[in-house]
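Encoded as structure tokens, the structure appears first; notes follow it.
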Amino acid sequence: MAPATTEPDASAPATPKRKRQWGRTLRQAARHFFLSPWYLLRFIARLLLSVGRLFLRLIGFKRLDRYILVRFISTYVFLLALIITIAIIFDFNEKIDKLTNGGARWHEVVFDYYANFIPYFSNMFSPLFVFIAVIFFTTQLANRSEIIAMKSAGMSFRRLLRPFFMGAAIISATSFALGAYIIPQGNVARVNFENKYIKKQLTVDEADNIQMQVDSGVVAYIAHFDNRTKSGSGFSLDKFSEKKLVSRLTAETIQYDTLADHKYSWTLHGYMQRTLRGSREKIKSGDKLDTTIIMEPKDFFYIKGMQETMTVPELSSFIDRQRLRGAAGISTFEVEYHKRFATPLAAFILTLIGVSISCEKRKGGMGTSIGIGLA
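Using our numbering, you'd call the opening residue of the sequence shown number -5 and step up by one each time.
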């Protein structure tokens, strides 16, 4: 009787053939490093792939796990590219009249709008793409009876979820990093483009009767402020202690110092400071006073979609500052802040639902699984 053949262990050390291949790649990279960047990119790609395989082996991933993980992520990327392409076509057909009538230039449409629309749209609907990719790929496994073979070999449902959850973790981490720090920076150009050419919103450069609490017990008031010159008139700063007015600083004009080394630098012209101590009053006046007031010109103006242009640290700082000032209408920013954390976590929930409803072979195939999931 012939001896049974055993499958080579995936965790075995690299073969001499693989070592020779790596040596040839290293020599090519060293030879062409300064001639073409493509060799460097190829070397980096192979290095990252090798590091990824080593990491998966260290955490106990077998060949089957790597097969499921690679197919899951590749299906996700394929569906993402397909749906984004369709979304761009529909979005362009819907807004082409506004773009042409508004006088938008083509380089602005491509680089300011769609170059930032693609990552924004992809990240916003990433959990939905994960759900569709899980159902699409898992249904294929079930229809080819691969899941039946896995269960027959003793693989439990919990063990089957491991590569799926690893893929969901990779996608969630990438989605959070992009949505928290990178995409908001690109949204600045996209939001400005939409407000200018699509929504036709005029830029507000002036504000009247501005009143806000800039610090605990300190209230600032500006009768009129011009954002183009960063200056205002009719300024007053009242300081309270135990609900009693203890000092009042007034100025004819106020100017924000954009060249200062630190933020919140203001210059007062024609100022007068009154300090109240019981029944006694101390008055100080002058032509010019450089001081620090915890407010900026951007705090006086709100742009629609402004919350999408802030990173997570900027959102947190903005919400805390507005709460201190007693400002209203910060619920939009709070929802955006919590959505940055909740959206990546939704990938795990939808992955669990997708695998659960599509791991069994059904007569309707993928359509039935998607219908059950949406229901």
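All C-beta atoms, glycine included, are put in the ideal place defined by N, C-alpha and C.
Every value quoted in this text rests on a predicted model; they were computed, and no experiment measured them.
DSSP lists Gly226 and Leu262 as the beta-bridge partner residues of Ile248. In the same chain as Thr305, and ignoring 5 residues on each side of it, the C-beta atoms closer than 8 Å to its own belong to Ala174, Tyr175, Pro178 and Gln179, in chain order.
Distance from Phe295 to Asn181 at the Cβ level is roughly 17 Å; contact not present, criterion being Cβ atoms closer than 8 Å. The stretch 79 to 125 contains, as complete alpha helix (DSSP H) runs of 4+ residues, the segments 109 to 118 (chain order). For Thr326, the enclosing alpha helix (DSSP H) stretches over residues Ser325 to Ser352. In this model, Pro338 and Leu253 are separated by some 40 Å (Cα to Cα). The stretch 128 to 143 and the stretch 203 to 217 do not touch, with fewer than three beta-carbon pairs separated by less than 8 Å.
With a minimum length of 4 residues, the unbroken runs of alpha helix (DSSP H) contained wholly in the stretch 129 to 160 fall at 140 to 146.
With a beta-carbon spacing of about 6 Å, Val124 and Leu344 fall inside the 8 Å limit used to define contacts. In the DSSP annotation of this structure, the continuous segment of the beta strand (DSSP E) that includes Gln207 starts and ends at Glu200 to Asp209. In the three-state scheme derived from DSSP, where H, G and I count as helix and E and B as strand, Glu290 is classed as coil.
With respect to Leu243, Tyr265 sits close: the two C-beta atoms are nearer than 8 Å. The alpha-carbon of Leu93 is positioned some 7 Å away from that of Ile192. Note on the stretch 163 to 187: there is no whole beta strand (DSSP E) run with a minimum of 3 residues. When secondary structure is reduced to three states using DSSP, Ser235 falls in the strand class. Taking 8 Å as the cut-off, the Cβ atoms of Leu270 and Ala245 do not count as close. Its chain contains Gln301 as the residues whose beta carbon lies nearer than 7 Å to that of Thr326, once the 5 sequence neighbours on both sides are disregarded; these appear in chain order. When Cβ pairs closer than 8 Å are counted between the two stretches, the stretch 96 to 105 is seen not to touch the stretch 135 to 151, the count staying below three. Looking at the DSSP output, Tyr215 shares a beta bridge with Gln205 and Ser230. Across the set Phe159, Arg268 and Lys292, the C-alpha of Phe159 shows the shortest separation from the C-alpha of Ile347.
Burial of Arg319 is indicated by the presence of at least 16 other C-beta atoms within 10 angstroms of its C-beta. In the structure shown, Lys278 adopts extended strand secondary structure according to DSSP, grouped into three states.
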